[in-house]
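Report on the structure given below.
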Amino acid sequence: MPDGAAPVLDVKGLKTVFQTRSGKIHAVNDVSFDLRPGELLGVVGESGSGKSVTMMSLIGLLPSPPADVCAGQVLFGGRDLLKTDADALRGIRGKRIGFVFQDPMTSLNPVFNVGFQICEPLRKHMGLSKAAARNRAVELLELVGIPDARRRLDDYPHQFSGGMRQRVMIAIALACDPEVLIADEPTTALDVTIQAQILELVKDLREKLGMAIIWITHDLGVIAGIADRVIVMYAGQVVEQAPVQELFSNPQHPYTRSLLKTIPSVSGDRAPRLQVIEGQPPIQMKAPDACPFLPRCAHGFDRCAAENPARLAVGQGHDVACFWDPATGGPRHV
Amino acid sequence: MLTFTIRRLFLSVPTLLFIGLVIFLLLELAPGDPMAQVPLTVPPEVKEKMRLALGLGEPGHIRFMKWLVQFFWIEPLNLFDHIFGTGFAEGKLRVISWQTRSPVMDIVMQRIPQTLWVVGLAYVVGVLIALPIGIYSAYRQYSVFDQAGTFVAMIGYSVPPFFSGVLLIVIFSVKLGWLPSIYDTTHVVNDWASFKVQLMQMIMPVMVLALQTTAQISRFMRASMLDNLNQDYVRTARAKGMTESVVVMVHVLRNSMIPVVTVIALGVPGIFGGAIITEQVFKVNGIGQLLITAIQANDLPMVQTLTFIFAILIVVFNLIADVLYGVLDPRIRYD
Numbered sequence: 285m286p287d288g289a290a291p292v293l294d295v296k297g298l299k300t301v302f303q304t305r306s307g308k309i310h311a312v313n314d315v316s317f318d319l320r321p322g323e324l325l326g327v328v329g330e331s332g333s334g335k336s337v338t339m340m341s342l343i344g345l346l347p348s349p350p351a352d353v354c355a356g357q358v359l360f361g362g363r364d365l366l367k368t369d370a371d372a373l374r375g376i377r378g379k380r381i382g383f384v385f386q387d388p389m390t391s392l393n394p395v396f397n398v399g400f401q402i403c404e405p406l407r408k409h410m411g412l413s414k415a416a417a418r419n420r421a422v423e424l425l426e427l428v429g430i431p432d433a434r435r436r437l438d439d440y441p442h443q444f445s446g447g448m449r450q451r452v453m454i455a456i457a458l459a460c461d462p463e464v465l466i467a468d469e470p471t472t473a474l475d476v477t478i479q480a481q482i483l484e485l486v487k488d489l490r491e492k493l494g495m496a497i498i499w500i501t502h503d504l505g506v507i508a509g510i511a512d513r514v515i516v517m518y519a520g521q522v523v524e525q526a527p528v529q530e531l532f533s534n535p536q537h538p539y540t541r542s543l544l545k546t547i548p549s550v551s552g553d554r555a556p557r558l559q560v561i562e563g564q565p566p567i568q569m570k571a572p573d574a575c576p577f578l579p580r581c582a583h584g585f586d587r588c589a590a591e592n593p594a595r596l597a598v599g600q601g602h603d604v605a606c607f608w609d610p611a612t613g614g615p616r617h618v
Numbered sequence: 016m017l018t019f020t021i022r023r024l025f026l027s028v029p030t031l032l033f034i035g036l037v038i039f040l041l042l043e044l045a046p047g048d049p050m051a052q053v054p055l056t057v058p059p060e061v062k063e064k065m066r067l068a069l070g071l072g073e074p075g076h077i078r079f080m081k082w083l084v085q086f087f088w089i090e091p092l093n094l095f096d097h098i099f100g101t102g103f104a105e106g107k108l109r110v111i112s113w114q115t116r117s118p119v120m121d122i123v124m125q126r127i128p129q130t131l132w133v134v135g136l137a138y139v140v141g142v143l144i145a146l147p148i149g150i151y152s153a154y155r156q157y158s159v160f161d162q163a164g165t166f167v168a169m170i171g172y173s174v175p176p177f178f179s180g181v182l183l184i185v186i187f188s189v190k191l192g193w194l195p196s197i198y199d200t201t202h203v204v205n206d207w208a209s210f211k212v213q214l215m216q217m218i219m220p221v222m223v224l225a226l227q228t229t230a231q232i233s234r235f236m237r238a239s240m241l242d243n244l245n246q247d248y249v250r251t252a253r254a255k256g257m258t259e260s261v262v263v264m265v266h267v268l269r270n271s272m273i274p275v276v277t278v279i280a281l282g283v284p285g286i287f288g289g290a291i292i293t294e295q296v297f298k299v300n301g302i303g304q305l306l307i308t309a310i311q312a313n314d315l316p317m318v319q320t321l322t323f324i325f326a327i328l329i330v331v332f333n334l335i336a337d338v339l340y341g342v343l344d345p346r347i348r349y350d
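Those protein sequence lines, which keep their order, are chains A and B. Under the working numbering, the first residue of the first sequence carries the number 285, and numbering increases by one thereafter. Under the working numbering, the first residue of the second sequence carries the number 16, and numbering increases by one thereafter.
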């Protein structure tokens with residue numbers, strides 16, 4: 285749980301631009317957040333909000349000709365990851381920062397058995413011998429709840445179900461005992477019952493291993509279930525950040541408020557129509573100089589069109605990038 | 016996998032018998048007289064006797080059966096004798112060529128080394144050059160290397176061997192005089208100097224043929240690599256902190272090689288076809304050239320036997336390609 289200790293990962297002013305044939309796409313615009321030891325940070329946003337691109341920019345997983353991480357600092361382990369050379373970054377990826385991807389059906393190499401794929405980072409980063417790596421791999425598979433682990437090491441990915449494959453991916457990400465685990469929508473491709481199992485597993489692992497986790501999702505229900513703190517992203521920017529209870533009980537940004545309203549309720553009368561947020565998130569062809577949510581916002585005024593709001597503190601650990609105050613219904617006093 | 020292989024091997028027997036029958040019938044129905052090459056001064060009765068001596072008097076199905084027995088029983092027996100020095104096939108009649116009146120298999124065995132040396136080597140060289148070109152072209156797609164590789168592949172596909180062969184002869188044998196234009200098959204390699212001579216005479220035919228193989232295999236390898244370089248598991252491998260060379264040469268290559276290996280296996284019977292045109296251009300007396308002269312001379316047993324050998328090779332290598340696919344890709348299990 286967050287305890288005011290120094291953040292294990294500190295991102296300041298991250299900017300990522302994609303060079304495409306139709307121009308530059310500003311996918312990540314001045315994103316800042318920090319991750320404290322042992323906490324689970326939820327990252328929420330709809331498709332196209334820049335959540336995955338932000339996380340992949342942190343550790344250099346974006347292919348460099350189209351993508352350009354052009355500004356910012358990512359402080360991890362006393363160094364700026366954006367200024368670290370490729371070889372050193374490779375030493376950190378997989379060893380100190382683990383990554384779990386979205387689609388378990390295609391994220392594992394189909395021609396190598398699962399044992400080989402788990403042992404690869406073990407042998408590279410920890411220098412384990414083949415036998416030692418195999419033993420550790422069995423431990424890891426047991427840790428993530430795969431029965432008959434030693435026999436399953438020689439099985440191929442296609443012999444596992446989707447949920448099992450995602451557990452294998454988690455095992456691979458945790459193999460070298462990383463300080464940070466970044467999970468990019470790991471349960472989006474799985475059905476809800478399996479999703480619940482994976483969430484329980486991750487909560488359990490966090491208790492046991494104590495690593496910090498960044499969990500990207502577009503499902504607010506998942507966030508309510510496991511996150512300690514949440515950042516809400518829109519159009520490549522952080523629009524709100526708050527501890528999870530605070531976010532659900534006192535959302536400040538119009539986007540967050542609309543998101544919460546769109547969740548269909550299982551209790552009470554069934555609403556005649558589902559609530560939606562009209563419109564699409566923008567693709568930023570230039571660095572935004574106005575609030576990106578303005579076209580879809582019910583509360584915008586002139587200042588929103590002239591200036592991109594900076595993040596303002598509105599409570600303990602709670603900040604929002606908006607000029608509108610829900611309490612008064614008028615502009616915030618800055 | 017084993018049951019699959021055995022089942023396929025069993026199935027190949029009726030397939031080959033059918034192919035043999037079709038070859039036999041085609042040649043039976045084709046016009047042409049083996050006696051056409053005999054000088055006109057020979058009287059017709061003698062010609063008739065010669066015809067009977069060659070076994071042409073008997074009805075079709077008898078001849079077909081006799082040929083089958085000769086091919087499948089007597090020839091292997093002969094080979095057994097040859098290797099182990101026994102005498103099982105003494106006195107048994109083998110498949111005789113009408114041109115040379117000597118056993119077909121003896122002539123084939125004489126010619127095979129030339130074909131293997133030139134055409135076989137060209138295939139190996141072509142494949143070995145093609146693979147790295149394909150891999151690098153895919154990794155650095157649209158780079159200068161890739162564009163150059165595409166250009167060379169286009170040339171390899173579109174320029175026929177009789178053109179490139181003759182062009183090379185004109186440049187290197189006639190104008191520059193560096194390489195011999197006629198392949199000397201009696202040349203024996205027993206020391207360094209004679210090996211160099213052998214090398215010199217092999218370079219041009221090998222390069223001409225390798226160009227075609229390189230064009231095909233490198234494009235195929237490039238396409239297969241491109242398919243795999245954007246897959247999610249590549250991103251996982253990078254996220255694990257593996258080096259680029261491991262990601263490309265272990266993770267991606269292992270997946271990309273599967274279809275390429277099968278294409279390579281399917282191209283092997285083509286070697287024995289002997290690259291007919293190239294053998295003519297460079298005057299290598301290999302199997303391709305043997306087939307052409309046998310067809311022109313209406314030497315039925317030779318044509319029949321040779322074609323049947325090619326058919327066996329194609330059936331066998333098809334089976335090998337299928338089995339290889341199952342071996343290399345764990346998702347495919349035929350049983």
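Even glycine gets a Cβ: it sits at the ideal position worked out from N, Cα and C.
Rounded straight-line distance, which links the Cα of residue j to that of residue i
i         : j         : result
Gly613(A) : Phe607(A) : 10 Å
Lys545(A) : Gln559(A) : 7 Å
Gly361(A) : Asp438(A) : 35 Å
Val61(B)  : Gly301(B) : 33 Å
Asp461(A) : Val428(A) : 13 Å
His409(A) : Ile478(A) : 31 Å
Pro175(B) : Phe235(B) : 20 Å
Leu44(B)  : Val342(B) : 43 Å
Trp193(B) : Gln216(B) : 10 Å
Met285(A) : Ile402(A) : Any reading at Met285(A) must be qualified, since the residue scores a pLDDT of 44, below 50, and its modelled position is unreliable; the value itself is stated next. Looking at the two C-alpha atoms, the distance is approximately 29 Å.
Pro431(A) : Met389(A) : 19 Å
Ile347(B) : Met16(B)  : 10 Å
Glu491(A) : Ala289(A) : 18 Å
Arg109(B) : Met124(B) : 14 Å
Leu69(B)  : Ile291(B) : 28 Å
Ile150(B) : Tyr440(A) : 25 Å
Ala555(A) : Ile547(A) : 11 Å
Leu365(A) : Leu339(B) : 44 Å
Proximal residues of chain A, C-beta to C-beta of residue i below 7 Å
i         : result
Asp242(B) : Correct list: empty, because the minimum Cβ distance to chain A is about 13 Å.
Tyr248(B) : Thr390, Ser391, Leu392, Asn393
When the options are compared against residue i, the one with the closest alpha-carbon
i         : options                                    : result
Leu226(B) : Asp206(B), Thr165(B), Leu194(B), Ile170(B) : Ile170(B)
Val84(B)  : Gly301(B), Leu32(B), Ile122(B)             : Leu32(B)
Gly599(A) : Pro527(A), Leu346(A), Tyr440(A), Thr477(A) : Pro527(A)
Gly106(B) : Ile98(B), Thr115(B), Asn93(B)              : Asn93(B)
Pro321(A) : Leu392(A), Ile482(A), Leu493(A)            : Leu493(A)
Leu241(B) : Ala336(B), Val342(B), Val275(B)            : Val275(B)
Ala594(A) : Lys487(A), Gln521(A), Ile498(A), Leu458(A) : Gln521(A)
Ser336(A) : Arg407(A), Arg305(A), Ala467(A)            : Ala467(A)
Val167(B) : Phe178(B), Ile122(B), Ser233(B)            : Ser233(B)
Ser331(A) : Asp603(A), His502(A), Lys570(A)            : His502(A)
Arg305(A) : Gly329(A), Gly344(A), Ala351(A), Thr338(A) : Ala351(A)
Val523(A) : Ser542(A), Val506(A), Ala508(A)            : Ser542(A)
Under 9 Å by beta carbon: chain B residues contacting residue i
i         : result
Pro405(A) : Lys255, Gly256, Met257
Arg436(A) : Simply none; closest approach about 14 Å.
Lys408(A) : Lys255, Gly256, Met257, Thr258, Val261
Chain A contact residues for residue i, given Cβ-Cβ distances below 9 Å
i         : result
Arg155(B) : The contacting residues do not exist; Arg155(B) stays about 11 Å from chain A at best.
Arg269(B) : Asn393, Val395, Phe396
Distance cut-off 6 Å: residue i Cβ against heavy atoms of the ligand NAD
i         : result
Leu131(B) : Of ligands this structure carries none, so the ligand NAD is not represented either.
Chain-ordered chain A contacts of residue i [CB-CB under 8 Å]
i         : result
Pro345(B) : Pro394, Val395, Asn397, Tyr440, His442
Per-residue contacts from residue i into chain B (C-beta, under 8 Å)
i         : result
Ile456(A) : Thr251, Lys255
Report task. Mind listing, in chain order, the continuous beta strand (DSSP E) runs of no fewer than 3 residues lying wholly within the stretch 434-499 of chain A? Result -> 464-468
Query raised in the report: Is the number of C-beta pairs between the stretch 117-133 of chain B and the stretch 286-295 of chain B that are closer than 8 Å three or more?
Result: yes
Query raised in the report: Touching or not, the stretch 587-599 of chain A and the stretch 307-318 of chain B, by the rule of three or more beta carbon pairs under 8 Å?
Result: no
Query raised in the report: So, do the stretch 201-212 of chain B and the stretch 255-271 of chain B have three or more beta carbon pairs nearer to each other than 8 Å?
Result: no
Query raised in the report: Do the stretch 306-317 of chain A and the stretch 513-520 of chain A make contact, defined as three or more Cβ pairs closer than 8 Å?
Result: yes
Requested in this report: Please determine if the stretch 376-384 of chain A and the stretch 396-410 of chain A are in contact, where contact requires at least 3 C-beta pairs separated by less than 8 Å.
Outcome: yes
Report task. At 4 residues or longer, and completely inside the stretch 201-266 of chain B: list those alpha helix (DSSP H) runs for me, N to C. Result -> 207-244, 247-254
**Report entry** Whole runs of the alpha helix (DSSP H) within the stretch 498-553 of chain A, excluding any shorter than 4 residues
**Finding:** 504-510, 528-533, 538-546
Query - Meets three-Cβ-pair contact criterion under 8 Å: the stretch 207-214 of chain B and the stretch 171-191 of chain B - result: no
Query raised in the report: Counting Cβ pairs closer than 8 Å, one from the stretch 447-463 of chain A and one from the stretch 294-303 of chain A, do we hit at least three?
Result: no
Report task. Kindly provide the ranges of any alpha helix (DSSP H) runs that are 4 or more residues long and lie completely inside the stretch 399-432 of chain A, ordered along the chain. Result -> 414-427
Query raised in the report: At which residue ranges does the stretch 52-128 of chain B contain complete alpha helix (DSSP H) runs of 4 or more residues, listed in the order of the chain?
Result: 59-68, 75-84, 90-99
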